[in-house]
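Those protein sequences? They're chains X and L, same order as listed. Just so we're aligned: the first sequence equals residues 150 to 443 in the numbering used here. Just so we're aligned: the second sequence equals residues 13 to 168 in the numbering used here.
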Amino acid sequence: MSLVPQVLKSLKTLPPFPLVAQRALLLLNKSEVSIQELVDIVKFDPAITANVLRISNSAFFGLRREIHSLHQALLLLGTQELLKVIIASGATRLFCRATPGYFLDRLGLWRHSVSVALMADLLARELDHPERATAFTAGLLHDIGKVVLSLYVDQKFTEIMEVVDGRGLSFQAAEKEVLGIDHAQLGGEMARLWDFPDRLRLVIKLHHLDKPEAFADDMVLLVYLADLLVLMFGQDLGTDGLAYDGYPEVLRLFHLRERDLEKILLNFGSAWQEAQVFFGLIGGDDGLQCAHRG
Amino acid sequence: MVGVADMKVSNQQGEVLVTHALGSCIGVAIYDPAAKVGGILHFMLPDSTLDPLKAQEQPHMFADTGLPLLFRECYRLGAQKSRLRVKVAGGSQVLGNREFFQIGRRNYAALRKIFLKNNVLIDNEDVGGTKARTLFLEIATGNVWIKVMGQNTIEL
Numbered sequence: 150m151s152l153v154p155q156v157l158k159s160l161k162t163l164p165p166f167p168l169v170a171q172r173a174l175l176l177l178n179k180s181e182v183s184i185q186e187l188v189d190i191v192k193f194d195p196a197i198t199a200n201v202l203r204i205s206n207s208a209f210f211g212l213r214r215e216i217h218s219l220h221q222a223l224l225l226l227g228t229q230e231l232l233k234v235i236i237a238s239g240a241t242r243l244f245c246r247a248t249p250g251y252f253l254d255r256l257g258l259w260r261h262s263v264s265v266a267l268m269a270d271l272l273a274r275e276l277d278h279p280e281r282a283t284a285f286t287a288g289l290l291h292d293i294g295k296v297v298l299s300l301y302v303d304q305k306f307t308e309i310m311e312v313v314d315g316r317g318l319s320f321q322a323a324e325k326e327v328l329g330i331d332h333a334q335l336g337g338e339m340a341r342l343w344d345f346p347d348r349l350r351l352v353i354k355l356h357h358l359d360k361p362e363a364f365a366d367d368m369v370l371l372v373y374l375a376d377l378l379v380l381m382f383g384q385d386l387g388t389d390g391l392a393y394d395g396y397p398e399v400l401r402l403f404h405l406r407e408r409d410l411e412k413i414l415l416n417f418g419s420a421w422q423e424a425q426v427f428f429g430l431i432g433g434d435d436g437l438q439c440a441h442r443g
Numbered sequence: 013m014v015g016v017a018d019m020k021v022s023n024q025q026g027e028v029l030v031t032h033a034l035g036s037c038i039g040v041a042i043y044d045p046a047a048k049v050g051g052i053l054h055f056m057l058p059d060s061t062l063d064p065l066k067a068q069e070q071p072h073m074f075a076d077t078g079l080p081l082l083f084r085e086c087y088r089l090g091a092q093k094s095r096l097r098v099k100v101a102g103g104s105q106v107l108g109n110r111e112f113f114q115i116g117r118r119n120y121a122a123l124r125k126i127f128l129k130n131n132v133l134i135d136n137e138d139v140g141g142t143k144a145r146t147l148f149l150e151i152a153t154g155n156v157w158i159k160v161m162g163q164n165t166i167e168l
């Protein structure tokens, strides 16, 4: 029995993607960004503003002076960095819900998403890829399908694991087989409903490289590799463990060797430590973000 | 709590050491039942020649610099090599090709090589596959468990 109609129906109750973050998405990697306009929008959202200031003042940026205003953040961080921070602050509202099908910890998906964002950013830097802010954002949002699919994965978890363990399929392929739809495909649907830029939608939809067209865009490959490296790093691993398909051709395309991956993991350890402020954006002492849902 | 590239040793009877969510990393738990001393090392990479400077700062990052420290610290608390029980978990891999994305396998190979050279035997292990594992060591008893994410706890 296919659960697809039921899954798609549950998209009707999907909360909107936060408007501020949505606008920020459209400004990624534009050379002439009307960022002042964006700052003017952000400042009317106290929760996002508070988060932007919190991140800007954290070890992540390691600035020596304290930032008190959005305008100051813009001047000191630059537009692309500020966009990343705004998108991450806005996206917290999506990740408030627990995703028990994938993670035992309520914040597991958020922590995984932030980790992949940081890793994608780091990889983009290592590879001299010019679109670091896009890489960060795509990494952050690659698994949004899990927010909705979790409920169904939870119901059918035993069956999915039987396919994974019994036939050596990836968790995502097993989702597709048991539920009729997987989290990447569903995430692509959500990105369409939310009017995400096309490129971002494609990364979300293709990040498991299970379709040939995935290999046409290096941003898809970059996020795929970031996801894989984060799984190897461990921490915040989900119920799907490392049941992912490895495609070595990605390494060849990026001219990376195994030893390069080890170096990247090494650097990631420090980046991950410095980025703890992102993990704390949800479910801190005040629980502020989750109070502002939808 | 033992983080990534981290180590804890203890002789405090009330303590349970734990290291979470091992992916390609490896967790090593050693325990001396007579001295009631034990420790866990969570290392990430096989070989410190990758970045000797980093290895000086964070020796627990690598198998070859971390393992000697784990044993030495336990000896300092009264453990003896001949009595040590050694248990190993982690070293998972993604699916597919056997030549790439092999950090888990290489971590395990590095560990075996170091143990072989130093005459250390592994009493029990749960390594490889695609599982995410959490490793526990109870200092009072030396009991070691593994929790596989989304599945039951097993004793090692």
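Glycine included, C-beta positions come from ideal geometry on N, C-alpha and C.
Spatial neighbours of residue i in its chain, beta-carbon cut-off 6 Å, leaving aside the 5 residues before and after
i, result
"Glu308(X)", "Val327"
"Trp157(L)", "Phe148, Thr165, Glu167"
"Asn200(X)", "Ser238, Leu430"
"His404(X)", "none"
"Gln334(X)", "none"
"Asp270(X)", "Arg281, Ala284, Phe285"
"Ile330(X)", "Val153, Val156"
Proximal residues to residue i (C-beta, below 7 Å), its chain only, five neighbours per side dropped
i, result
"Val312(X)", "Leu318, Ala323, Glu326, Val327"
"Met268(X)", "Gly288, Ala375, Leu378, Val379, Phe417"
"Gly211(X)", "none"
"Met337(X)", "Note on residue identity: the sequence assigns Gly, not Met, to residue 337(X). Within the same chain, Gly337(X) has close Cβ partners Arg350, Ile353, Lys354."
Own chain partners of residue i with C-beta closer than 8 Å, once the 5 adjacent residues on each side are dropped
i, result
"Phe113(L)", "Gln105, Val106"
"Asp434(X)", "Note on Asp434(X): pLDDT 46, under 50, position unreliable in the model; the coordinate value appears next. Answer for Asp434(X): no residue qualifies."
"Ser264(X)", "Val379, Phe382, Gln384, Asp385, Trp421"
"Arg145(L)", "Ala33, Leu34, Gly39, Ala101, Gly102, Ser104, Asp138, Ile158, Lys159, Val160, Met161"
"Tyr393(X)", "Ser319, Phe320, Gln321, His357, Asp376, Leu377, Leu380"
"Gly15(L)", "Thr31, His54"
"Lys48(L)", "Asn23, Gln25, Ile151, Ala152, Gly154"
Residue i Cβ short of 7 Å to the ligand GTP heavy atom set
i, result
"Trp157(L)", "This structure lacks the ligand GTP, and indeed carries no ligand of any kind."
For residue j and residue i, the rounded distance between their alpha carbons
i, j, result
"Arg95(L)", "Thr165(L)", "26 Å"
"Leu157(X)", "Leu223(X)", "39 Å"
"Gly383(X)", "Ala33(L)", "5 Å"
"Glu280(X)", "Ala273(X)", "7 Å"
"Gly138(L)", "Ser205(X)", "Looking at the sequence shown, residue 138(L) is not Gly but Asp. For Asp138(L) and Ser205(X), the distance between alpha carbons rounds to 42 Å."
"Glu253(X)", "Arg260(X)", "Sequence inspection shows Leu at residue 253(X); the Glu mentioned does not correspond to that position. If you take the alpha carbons of Leu253(X) and Arg260(X), they lie about 12 Å apart."
"Ser36(L)", "Tyr120(L)", "9 Å"
"Val153(X)", "Pro249(X)", "19 Å"
"Arg172(X)", "Arg117(L)", "44 Å"
"Asp366(X)", "Leu128(L)", "46 Å"
"Leu174(X)", "Ala41(L)", "46 Å"
"His332(X)", "Ala67(L)", "39 Å"
"Gly140(L)", "Phe345(X)", "38 Å"
"Ser183(X)", "Leu176(X)", "8 Å"
"Ser299(X)", "Gly387(X)", "11 Å"
"Tyr373(X)", "Leu414(X)", "15 Å"
"Leu163(X)", "Gln221(X)", "35 Å"
"Ile115(L)", "Leu53(L)", "17 Å"
"Asn23(L)", "Arg203(X)", "40 Å"
"Ala440(X)", "Ala240(X)", "At Ala440(X) the pLDDT is 45, less than 50, meaning the model places this residue with poor confidence; the figure from the coordinates comes in the next sentence. So the two alpha carbons sit approximately 14 Å from each other."
"Leu123(L)", "Ile151(L)", "23 Å"
"Phe244(X)", "Asn131(L)", "49 Å"
"Arg509(X)", "Leu290(X)", "This structure cannot settle anything about residue 509(X), because the visible part of chain X is limited to 150 through 443."
"Tyr396(X)", "Phe364(X)", "11 Å"
"Asp18(L)", "Ser151(X)", "46 Å"
"Val169(X)", "Val234(X)", "12 Å"
"Thr228(X)", "Gln155(X)", "41 Å"
"Leu226(X)", "Phe427(X)", "16 Å"
"Val191(X)", "Ile216(X)", "16 Å"
"Asp44(L)", "Ala424(X)", "38 Å"
Identity of the residues DSSP links to residue i by a beta bridge
i, result
"Glu137(L)", "Val100(L)"
"His54(L)", "Asp18(L), Gly39(L)"
"Phe167(L)", "Looking at the sequence shown, residue 167(L) is not Phe but Glu. Glu167(L) pairs with Trp157(L)."
"Leu184(L)", "Residue 184(L) is absent from the model: chain L starts at 13 and stops at 168."
"Leu107(L)", "Asp394(X)"
"Asp44(L)", "Val49(L)"
"Phe74(L)", "Leu57(L)"
query = If contact means a Cβ-Cβ distance below 9 Å, which residues of the region 44 to 59 of chain L contact chain X?
reply = His54, Met56, Leu57, Pro58, Asp59
Cβ contact check for the region 77 to 97 of chain L and the region 354 to 372 of chain X: 3 or more pairs under 8 Å = no
inquiry  = Beta carbons nearer than 9 Å to chain X: which residues of the region 104 to 137 of chain L have them?
reply    = Ser104, Gln105, Val106, Leu107, Gly108, Asn109, Glu111, Phe112, Phe113, Gln114, Ile115, Gly116, Arg118
task = Could you name the residues of the region 402 to 418 of chain X whose beta carbon sits closer than 8 Å to any beta carbon of chain L, in the order they occur along the chain?
result = Glu407, Arg408, Leu410, Glu411, Lys412, Leu414, Leu415, Gly418
request  = Closer than 8 Å, Cβ to Cβ, to anything on chain L: give me those residues from the region 240 to 263 of chain X, in chain order.
outcome  = Leu253
query = Which of the residues in the region 367 to 392 of chain X, read from start to end, lie with their CB under 7 Å from any CB of chain L?
reply = Leu377, Leu380, Met381, Phe382, Gly383, Gln384, Asp385, Leu386, Gly387, Thr388, Gly390, Leu391, Ala392
ask   = Relative to chain L, which residues along the region 289 to 312 of chain X have a C-beta separation below 8 Å, given in chain order?
value = Phe306, Met310
query = If you measure beta-carbon to beta-carbon, which residues of the region 187 to 199 of chain X are closer than 8 Å to chain L?
reply = none
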